[in-house]
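Chemist:
Residue numbers (the working numbering): 238 to 351.
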């Protein structure tokens, strides 16, 4: 059954050409927002905490600080409203899921660049 689902996803779900990124990278996601009859492009810049899933159901979590408040978004990679993704910085972390990053503030919250 899993093979059949994977085959259908690979064959019929349109995938976008997006850059490769991983946990610890700082990225900018440009997303199309529709308000009423108008649409606009809004960007969200932050650090990738995790990537999970595979194929058409792959998602990633991105976190940014807005003042003293941390804001996180979980976005599917194949979301139709995502216009583009830019990789601003490549980060070097030892884990695939950096949830410990939520507790860090100030200089401790820095991630080394590759």
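The beta-carbon is built from N, C-alpha and C at its ideal position, and this holds for glycine as well.
Since the model is a prediction, treat every value here as computed from it, not as a measurement.
Tell me the residue span of the beta strand (DSSP E) that contains residue 288.
Modeler: 275-289
Chemist: Which residue wins for smallest C-alpha separation from residue 310, given the options 274, 239, 266 and 323?
Modeler: 266
Chemist: With DSSP as the reference, label residue 242 as helix, strand or coil.
Modeler: helix
Chemist: Pick helix, strand or coil for residue 300, following the three-state DSSP scheme.
Modeler: Correct three-state label for residue 300: strand.
Chemist: For the beta strand (DSSP E) holding residue 312, just list the boundary residues, first then last.
Modeler: 306-313
Chemist: Between residue 255 and residue 320, what straight-line distance do the alpha-carbon atoms span, to the nearest angstrom?
Modeler: 10 Å
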